[in-house]
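Trainee: Here UniProt numbering is used: the first residue of the sequence shown is 1, the next is one more, and so on.
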Amino acid sequence: MQIETGVSLKPYNTFALPALAHTLVRIAGDADVRAVLDHPRLGPAPKFVLGGGSNIVLTRDLTAVVLKVEVRGLRLVQERSDAWIVEAGAGESWHDLVAWTLDQGLPGLENMALIPGTVGAAPVQNIGAYGLELKDRFESLDAVDLVTGRSVRLDATMCRFGYRDSIFKQALAGKSVITRVRLRLPRPWQPVLGYLDLERRMAETGITSPDARQIFEWVCEIRRAKLPDPAVIGNAGSFFKNPVVTAEQCRDIIGRDPAIVHYPMPDGSFKLAAGWLIDACGWKGKTVGRAGVYEKQALVLVNRGGARGAEVVTLARAIQESVYGRFGIRLEPEPVVV
């Protein structure tokens, strides 16, 4: 267990927002979590779990003990007739995991390439992109209970996955540390191609039966064209969830704005493109203080340089009010404001 004090969190959040951790502990495994809980000073203190920092907006210094999850390891743990089961340490980069599986000849995660953040954060958010969500490939995870110190294993049902949601954002919020995640990659592999941007790539290239590597490369190209690199421009990726509305609400909005981007859902509801709603309200490229809306994708808020968390929150709230005023829809942020 490695304990540090007065640690700047600016390098540890992709928005590059300034904040200090009064105490930071680097977690390399379950034993480190239990060591923190048994520590006479750290044990009783509040805890804050930090992965890749790609889904947080820091508005203040953290007095809680920051548990920086750095559990490593990538391996194929089981080869079944119906699936490959792979396991990754929670501190591994999600994109590195996707690339590694393809290098090992294990397709199935390619649609979720280049999603920022760590493996441990993926189940918390139930990350997803281009027609695939983590829950579609999830097998189980290991976590340490921050109250009892016991290691537990949770399957998909226990994780209660929803759209960008899970039990770790609800009943277990702040109560456990995910240390390892196992994913199920179905055999035989079937491509997931129903997303508009991928259909366009097939039409442009004439490749009607792309393999997993081709889909991976397309997704990387699409994301890089739309989304800023956090290493260059501070951001947390998509800032707002795509709102889900009833069929009646969707028809009403289409009646007023026929060009609105919308997708039918299996239950009869419709998912609306939050980026389109924000762009329609004129926010693309606009700036509030030192926080702004990315010029190429209105769904992404960025740090123009030296922004503070409060400026990001102010911009986000202004966008929410604007979209609500025009469309009657309340956008819900994806990142956690701390």
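For glycine and all other residues, C-beta sits at the position ideal for the given N, C-alpha and C.
Please determine, among V147, G174, E139, the residue with the shortest C-alpha to C-alpha distance to T157.
Mentor: Taking the first residue of the sequence shown as position 1, residue 157 is located at position 157. Comparing Cα-Cα distances from T157 to each of V147, G174, E139, the minimum goes to E139.
Trainee: Please tell me whether S176 and L146 are closer than 8 Å, where the distance is taken between their beta carbons.
Mentor: Residue numbering aside, residue 176 sits at position 176 when the sequence shown is read from its first letter. Residue numbering aside, residue 146 sits at position 146 when the sequence shown is read from its first letter. Yes, the Cβ-Cβ distance between S176 and L146 is below 8 Å.
Trainee: With DSSP collapsed to three states, give me the class of W283.
Mentor: Translated into the one-based positions of the sequence shown, residue 283 becomes position 283. In the structure shown, W283 sits in coil (DSSP, three-state: anything other than H, G, I, E or B).
Trainee: Would you tell me roughly how many angstroms separate the C-alpha atoms of Y263 and N13, rounded to the nearest one?
Mentor: On the sequence shown, position 263 is the one that residue 263 refers to. On the sequence shown, position 13 is the one that residue 13 refers to. Rounded to whole angstroms, Y263 to N13 spans 32 Å at the Cα level.
Trainee: Mark residue 339 as exposed unless 16 or more other C-beta atoms lie within 10 angstroms of its C-beta, in which case mark it buried.
Mentor: Lying before the first or after the last residue shown, residue 339 is absent from the chain, which here runs from 1 to 338.
Trainee: Within a Cβ cutoff of 8 Å, which residues of the same chain sit near T314, ignoring the five residues on either side of it in sequence?
Mentor: Reading the sequence shown from its first residue, position 314 is the one you call residue 314. So the qualifying residues of the chain are V288, G289, A291.
Trainee: Taking all protein chains shown into account, decide if V54 is buried (16 or more other Cβ within 10 angstroms of its Cβ) or exposed.
Mentor: Residue 54 sits at position 54 when you count from the first residue of the sequence shown. Correcting the residue identity first, residue 54 is Ser in this sequence and not Val. With 16 or more other Cβ atoms within 10 Å, it is buried.
Trainee: Would you say the region 20 to 27 touches the region 60 to 70, given that touching needs at least three Cβ pairs under 8 Å?
Mentor: Yes, they touch.
Trainee: Which first and last residues belong to the alpha helix (DSSP H) in which S322 is found?
Mentor: To locate residue 322, count along the sequence shown from 1; it is residue 322. It spans 309 to 327 - the alpha helix (DSSP H) in which S322 sits, taken as one unbroken run.
Trainee: In whole angstroms, give me the CA-to-CA distance for E70 and L277.
Mentor: What you label residue 70 is simply residue 70 of the sequence shown in a count that begins at 1. What you label residue 277 is simply residue 277 of the sequence shown in a count that begins at 1. Going by the C-alpha atoms only, they are around 37 Å apart.
Trainee: Taking the CB atoms as reference points, tell me whether A212 and L50 lie closer together than 8 Å.
Mentor: For the purposes of this step, residue 212 is taken as the residue at position 212 of the sequence shown. For the purposes of this step, residue 50 is taken as the residue at position 50 of the sequence shown. Against a cut-off of 8 Å, the Cβ pair of L50 and A212 comes out as no contact.
Trainee: Taking K241 and E334 to be in contact with their CB atoms under 8 Å, please state how far apart those CB atoms are, rounded to whole angstroms.
Mentor: Here residue 241 refers to the residue found at position 241 when the sequence shown is read from its first residue. Here residue 334 refers to the residue found at position 334 when the sequence shown is read from its first residue. About 6 Å separates the two Cβ atoms, so the contact holds.
Trainee: Would you report the Cα separation of V152 and D61, rounded to the nearest angstrom?
Mentor: Looking up residue 152 in the sequence shown gives position 152. Looking up residue 61 in the sequence shown gives position 61. About 31 Å.
Trainee: Distance check for I56 and A231, CA to CA, integer angstroms please.
Mentor: Working through the sequence shown from its first residue, we reach residue 231 at position 231. Working through the sequence shown from its first residue, we reach residue 56 at position 56. A231 and I56: Cα-Cα distance of roughly 16 Å.
Trainee: According to DSSP, simplified to helix, strand and coil, what is V49?
Mentor: As a working note, residue 49 is residue 49 in the sequence shown. Strand.
Trainee: Select from G149, E248, V192 the residue whose C-alpha is nearest the C-alpha of V219.
Mentor: Numbered from 1 along the sequence shown, position 219 holds the residue referred to as residue 219. Checked all of G149, E248, V192; the closest Cα to V219 is V192.
Trainee: CA-CA distance, D82 and R184?
Mentor: Numbered from 1 along the sequence shown, position 82 holds the residue referred to as residue 82. Numbered from 1 along the sequence shown, position 184 holds the residue referred to as residue 184. Roughly 9 Å separates the two Cα atoms.
Trainee: Could you tell me which residues DSSP puts in a beta bridge with A212?
Mentor: Counting from one through the sequence shown, the residue named residue 212 turns up at place 212. According to DSSP, A212 bridges with nothing at all.
Trainee: Would you mind stating whether C281 and R330 have Cβ atoms separated by less than 8 Å?
Mentor: The residue labelled residue 281 in the question sits at position 281 within the sequence shown. The residue labelled residue 330 in the question sits at position 330 within the sequence shown. Contact flag unset, no.
Trainee: Is the beta carbon of W100 sitting closer than 8 Å to the one on A122?
Mentor: Position 100 of the sequence shown, counted from the first residue, corresponds to residue 100. Position 122 of the sequence shown, counted from the first residue, corresponds to residue 122. Taking 8 Å as the Cβ cut-off, W100 and A122 do not qualify as a contacting pair.
Trainee: Which value, in whole angstroms, describes the spacing of the CA atoms of residue 416 and I85?
Mentor: The chain is shown from 1 up to 338; residue 416 falls before or after that span and cannot be answered.
Trainee: Should A16 be labelled buried (16 or more other beta-carbon atoms within 10 Å of its own) or exposed?
Mentor: Taking the first residue of the sequence shown as position 1, residue 16 is located at position 16. The residue is buried, with at least 16 neighbouring Cβ atoms inside 10 Å.
Trainee: Could you give the DSSP three-state label for Q2: helix, strand or coil?
Mentor: Reading the sequence shown from its first residue, position 2 is the one you call residue 2. Here Q2 sits in strand by DSSP.
Trainee: Which residue wins for smallest C-alpha separation from G306, given the options I233, L172, Q78?
Mentor: Taking the first residue of the sequence shown as position 1, residue 306 is located at position 306. With distances taken between Cα atoms, G306 lies closest to I233.
Trainee: Taking the alpha carbon of V300 as the point to measure from, which residue in D30, L272, W283, G120 has its own alpha carbon closest?
Mentor: If you number the sequence shown from 1, residue 300 lands on position 300. Closest by alpha carbon: W283.
Trainee: Evaluate T179 with the Cβ neighbour count: other Cβ atoms within 10 Å of its Cβ, from every protein chain shown; 16 or more gives buried, anything less gives exposed.
Mentor: Reading the sequence shown from its first residue, position 179 is the one you call residue 179. With 16 or more other Cβ atoms within 10 Å, it is buried.
Trainee: Looking only at its chain, what residues have a beta carbon closer than 6 Å to the beta carbon of P46, apart from the 5 residues adjacent to it on each side?
Mentor: Reading the sequence shown from its first residue, position 46 is the one you call residue 46. Excluding positions up to five away in sequence, the list reads A64.
Trainee: Quick check on DSSP: helix, strand or coil for Q297?
Mentor: Taking the sequence shown and counting its residues from 1, one reaches residue 297 at position 297. Three-state DSSP puts Q297 in coil, outside helix and strand.
Trainee: DSSP has T118 in a bridge; who is on the other side?
Mentor: Counted from its first residue, the sequence shown places residue 118 at position 118. According to DSSP, which records beta bridges pairwise, T118 is partnered with S93.
Trainee: Considering only C-alpha positions, which residue in the set R164, L37, T148, D142 is nearest to D155?
Mentor: By one-based count along the sequence shown, residue 155 stands at place 155. Selected option, being the one with the closest Cα: D142.
Trainee: Which residue wins for smallest C-alpha separation from T118, given the options V181, R251, G162?
Mentor: As a working note, residue 118 is residue 118 in the sequence shown. Closest option to T118, Cα to Cα, is V181.
Trainee: How many angstroms separate the CA atom of P266 from the CA atom of R187?
Mentor: Counting from one through the sequence shown, the residue named residue 266 turns up at place 266. Counting from one through the sequence shown, the residue named residue 187 turns up at place 187. Near 24 Å, if we compare the C-alpha coordinates of R187 and P266.
Trainee: With distances taken between CB atoms, is the gap from D32 to M1 smaller than 8 Å?
Mentor: By one-based count along the sequence shown, residue 32 stands at place 32. By one-based count along the sequence shown, residue 1 stands at place 1. Cβ distance < 8 Å, so D32 and M1 count as in contact.
Trainee: Report the residue ranges of all beta strand (DSSP E) runs contained in full by the region 228 to 276; include only those spanning at least 3 residues, in chain order.
Mentor: Listed in chain order, they are 234 to 238, 262 to 264, 270 to 272.
Trainee: Can you check which of these residues, Q297, T205, W189, is closest to residue 363 by C-alpha distance?
Mentor: Outside the shown range of the chain, which is 1 to 338, sits residue 363, and nothing can be said about it.
Trainee: Between the Cα of S269 and the Cα atoms of Q249, G52, G255, which residue gives the shortest distance?
Mentor: Translated into the one-based positions of the sequence shown, residue 269 becomes position 269. Nearest of Q249, G52, G255 to S269, Cα basis: Q249.
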